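Residue numbers (our numbering): 2 to 442.
Beta carbons are placed, not taken as given, at the ideal position from N, Cα and C, and that holds for glycine.
As the structure is a prediction and not an experimental result, all values here were calculated from the model.
First up is the structure itself, then whatever we jot down about it.
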RNA sequence: GCCGGGGUGGCCGAGCGGACAAGGCGCAGGCCUGGAGAGCCUGUUCUCCGAAAGGGGAGCGUGAGUUCAAAUCUCACCCCCGGCGCCA
């Protein structure tokens, strides 16, 4: 949620942000109008309540003195009728205003490049040596801005889907029967490889000073609404029937609402949290995309970084989170690029976002594995999380970033490290996996 | 799930129909001091009007109700503690 005072005092900033996001800027004027009407009526209401309070005070005094009060009672009853009427109007106006504000996306950071859609995202960093099938070379050179080393493959690597089905490392057919499409049974070595990824990421984050959490996998409506936005409720979030509960789509949701309605102490900032949890996503509106295998699924496990910090430090921590995530992929030796998400492709909650995309040699594309967002005070306002400051309380900034999303990283490993005989296990995972190779049999 | 006990400000805690939610702790500012401490004063949630000084309104787990008046009474729901039951 953005600050109503920002809309009141600098509506042009909000309009500009809306324009760059390709979103309605007239909403700003509707908010201002509702706000004006609300304040007008609130004034009237408060004057009436003040009058009533004074009358009730008179009654108190008179009763003490044993005087007659029935005419005063009648007066108060009359005022109460007026109060009741105008209370409804005020409440209604405030709800209308707040619903509008609630739906305004976060104000864009100055660093966000202008763009219409994902094609305008700006690659800013490249790392590693990619394996590129000859037919993909042109795409690769374009997408890597000619800034990455590569080696040519004369044969296209086998898709992760074919490998996991053929060697029984996962079963999506039976999962389809018992749960539906986009579900999977992970099996055999892939289960252990996933656990190795998780241990690797958790231990690294502990070393960097993060406190690790396994959060609740369901949240109530208030917490979920504070952590997400309305479009997430429609496209992403699973609702539990008969209960006020919603399945988290990432542990970010739980870690953001962890401090809901609290006032934090300045000396306790920054708070570096890491969550490990399954992520449940409806994937509504993604029909036809990545329908096979485990790349885009309704349920996967993820280790997430989350930070609460002083507003002046969020820029710094955004880079910190990205650096941590990059380190994981470097240690896994997976070639990647970092992109700065453009205004038209940015989600409502983020003010600025980086994605890490790993080169997938079987798909011949860079694919998203990490998303790192600076949310600034958008979530802390919605969740009513404040920091006690010397000159009054303020809203902390929150940030989140994937550390490792297991299924997508498994896909990256299968695509990048396969041979005819099996899959090489990245060195960083070997001490957890206890083998260096998954042999096809 | 059942039977008790409870939910008050940043924290502790009194109030259990009537005048500003007592008191304490913590924190911030001021006075005092050579400096600190002690002591004294003010402030410590949200919100509206106001340039400010200042003034108003709301707020006692949540929501409804009774009353001129509700932290206080009634009802429903949520959460915490204890006991019983069930249970991986």
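Considering Cα atoms alone, identify which of 147, 294 and 119 is closest to residue 355. Here residue 355 is taken as the residue at index 354 of the first chain, counted from 1. That would be 119, whose Cα lies nearest to the Cα of residue 355.
Could you give the first and the last residue of the continuous alpha helix (DSSP H) run that contains residue 114? As a working note, residue 114 is residue 113 in the first chain. Looking at the DSSP string, residue 114 is not in any alpha helix (DSSP H), and its letter there is neither H nor E.
Is it true that the CB of residue 283 sits closer than 8 Å to the CB of residue 247? Locating residue 247 in the first chain gives position 246, where the first residue counts as 1. Locating residue 283 in the first chain gives position 282, where the first residue counts as 1. Not closer than 8 Å, so no.
Assign residue 19 to buried or exposed, taking buried as 16 or more other Cβ atoms, counted over all protein chains shown, within 10 Å of its Cβ. As a working note, residue 19 is residue 18 in the first chain. Burial call: buried.
Residue burial classification, residue 107 (beta-carbon count within 10 angstroms, cutoff 16): Looking up residue 107 in the first chain gives position 106. It is buried - the Cβ of residue 107 has at least 16 other Cβ atoms within 10 Å.
Counting Cβ pairs, one atom from each stretch, are 3 or more of them under 8 Å apart for the segment 211 to 218 and the segment 369 to 384? no
Pair every Cβ in the segment 201 to 210 with every Cβ in the segment 180 to 192, then say whether three or more of these pairs are closer than 8 Å. no
Euclidean distance between Cα positions of residue 66 and residue 54: Residue numbering aside, residue 66 sits at position 65 when the first chain is read from its first letter. Residue numbering aside, residue 54 sits at position 53 when the first chain is read from its first letter. C-alpha separation (whole angstroms): 19 Å.
Determine the direct distance from the alpha carbon of residue 386 to that of residue 394, and round the result to whole angstroms. Counting from one through the first chain, the residue named residue 394 turns up at place 393. Counting from one through the first chain, the residue named residue 386 turns up at place 385. Those two C-alpha atoms are separated by around 10 Å.
In chain order, what are the residue ranges of uninterrupted beta strand (DSSP E) at least 3 long that sit wholly in the segment 231 to 273? 246 to 248 and 264 to 266
Along the beta strand (DSSP E) that carries residue 423, what are the first and last residues, could you check? In the first chain, the residue the question calls residue 423 occupies position 422. 423 to 425 is the extent of the beta strand (DSSP E) around residue 423.
For residue 23, which residues does DSSP report across the bridge? Walking along the first chain from the start, residue 23 turns up at place 22. Its beta-bridge partners do not exist; DSSP assigns none.
Determine the contact status of residue 403 and residue 195, defining contact as a CB-CB distance below 8 Å. One-based indexing of the first chain puts residue 403 at position 402. One-based indexing of the first chain puts residue 195 at position 194. For residue 403 and residue 195, no; Cβs fall outside 8 Å.
Exposure label - residue 285; buried when at least 16 CB within 10 Å: Here the question's residue 285 lines up with position 284 in the first chain. Burial call: exposed.
Mapping the DSSP letters down to three states, classify residue 398 as helix, strand or coil. The sequence position of residue 398 within the first chain is 397, counting from 1. It is a strand residue.
By the DSSP assignment, the beta strand (DSSP E) with residue 91 in it spans what residues? Position 90 of the first chain, counted from the start, is the residue given in the question as residue 91. That residue, residue 91, is in no beta strand (DSSP E); its alpha helix (DSSP H) goes 71 to 103.
Given a threshold of 16 other Cβ atoms within 10 Å of its Cβ, counted over all protein chains shown, does residue 229 qualify as buried or as exposed? Taking the first residue of the first chain as position 1, residue 229 is located at position 228. Counting Cβ neighbours within 10 Å, residue 229 comes out buried, since at least 16 surround it.
Between the segment 158 to 177 and the segment 414 to 434, are three or more C-beta pairs nearer than 8 Å? Yes, since at least three Cβ pairs between the segment 158 to 177 and the segment 414 to 434 fall closer than 8 Å, the two stretches touch.
What is the C-beta distance between residue 272 and residue 309, in whole angstroms, given that I count them as a contact (C-beta under 8 Å)? The residue labelled residue 272 in the question sits at position 271 within the first chain. The residue labelled residue 309 in the question sits at position 308 within the first chain. Going by Cβ atoms, the distance from residue 272 to residue 309 rounds to 4 Å, so yes, they are a contact pair.
Please state if the CB of residue 233 and the CB of residue 380 are separated by a distance shorter than 8 Å. The residue given as residue 380 occupies position 379 in the first chain. The residue given as residue 233 occupies position 232 in the first chain. Cβ distance not < 8 Å, so residue 380 and residue 233 don't count as in contact.
Own chain, CB closer than 8 Å to residue 1, minus 5 neighbours either side, in chain order: Lying outside 2 to 442, the shown extent of the chain, residue 1 is not represented and no answer is given.
Enumerate, from N- to C-terminal direction, the unbroken beta strand (DSSP E) stretches of 3 or more residues contained entirely within the segment 286 to 351. 300 to 310 and 337 to 341
Hey, could you find the ends of the alpha helix (DSSP H) residue 168 is sitting in? Within the first chain, numbered from 1, the residue matching residue 168 stands at position 167. Segment: none, residue 168 is in no alpha helix (DSSP H) and carries neither H nor E.
For residue 330, count neighbouring C-beta atoms within 10 Å of its own C-beta (all shown protein chains included) and say buried if the count is 16 or more, exposed if not. One-based indexing of the first chain puts residue 330 at position 329. Answer is buried; the Cβ neighbour count reaches 16.
How close, in whole Å, do the beta carbons of residue 296 and residue 412 come, if the pair is a contact with beta carbons under 8 Å? As a position in the first chain, residue 296 is number 295, starting the count at 1. As a position in the first chain, residue 412 is number 411, starting the count at 1. Between residue 412 and residue 296 the Cβ distance is about 5 Å, and since that is below 8 Å, they are a contact.
Going by C-alpha to C-alpha distance, which of 300, 89, 75 and 197 sits closest to residue 60? As a first step, residue 60 must be located in the first chain, where it is residue number 59. Looking at the Cα atoms, 75 is the closest of the given residues.
Among 103, 125 and 104, which has the Cα closest to the Cα of residue 112? Position 111 of the first chain holds residue 112. The candidate whose alpha carbon is nearest that of residue 112 is 125.
Beta-carbon gap between residue 80 and residue 52 smaller than 8 Å: Looking up residue 80 in the first chain gives position 79. Looking up residue 52 in the first chain gives position 51. For residue 80 and residue 52, yes; Cβs fall inside 8 Å.
Strand pairing of residue 414, partner residues [DSSP]: As a working mapping, residue 414 is identified with position 413 in the first chain. None; residue 414 has no bridge partner.
Relative to the C-alpha of residue 137, which candidate in 410, 361 and 439 has its C-alpha closest? Taking the first residue of the first chain as 1, we reach residue 137 at position 136. Looking from the CA of residue 137, the closest CA among 410, 361 and 439 belongs to 361.
Assign residue 432 to one of three DSSP states: helix, strand, or coil. Your numbering for residue 432 matches position 431 in the first chain. Here residue 432 sits in helix by DSSP.
Every unbroken alpha helix (DSSP H) within the segment 359 to 406, with a cutoff of 4 residues, ordered by chain: Listed in chain order, they are 379 to 383.
Indicate whether residue 288 and residue 397 have their beta-carbon atoms separated by less than 8 Å. The residue labelled residue 288 in the question sits at position 287 within the first chain. The residue labelled residue 397 in the question sits at position 396 within the first chain. Not closer than 8 Å, so no.
Tell me, please, whether the segment 142 to 158 touches the segment 259 to 266 by the rule of three or more beta-carbon pairs shorter than 8 Å. no
With DSSP as the reference, identify every bridge partner of residue 124, one or two as the case may be. What you label residue 124 is simply residue 123 of the first chain in a count that begins at 1. According to DSSP, residue 124 bridges with 340.
Is residue 301 closer than 8 Å to residue 249 when the C-beta atoms are compared? Along the first chain, one-based indexing puts residue 249 at 248. Along the first chain, one-based indexing puts residue 301 at 300. Result no, Cβ atoms of residue 249 and residue 301 do not sit closer than 8 Å.
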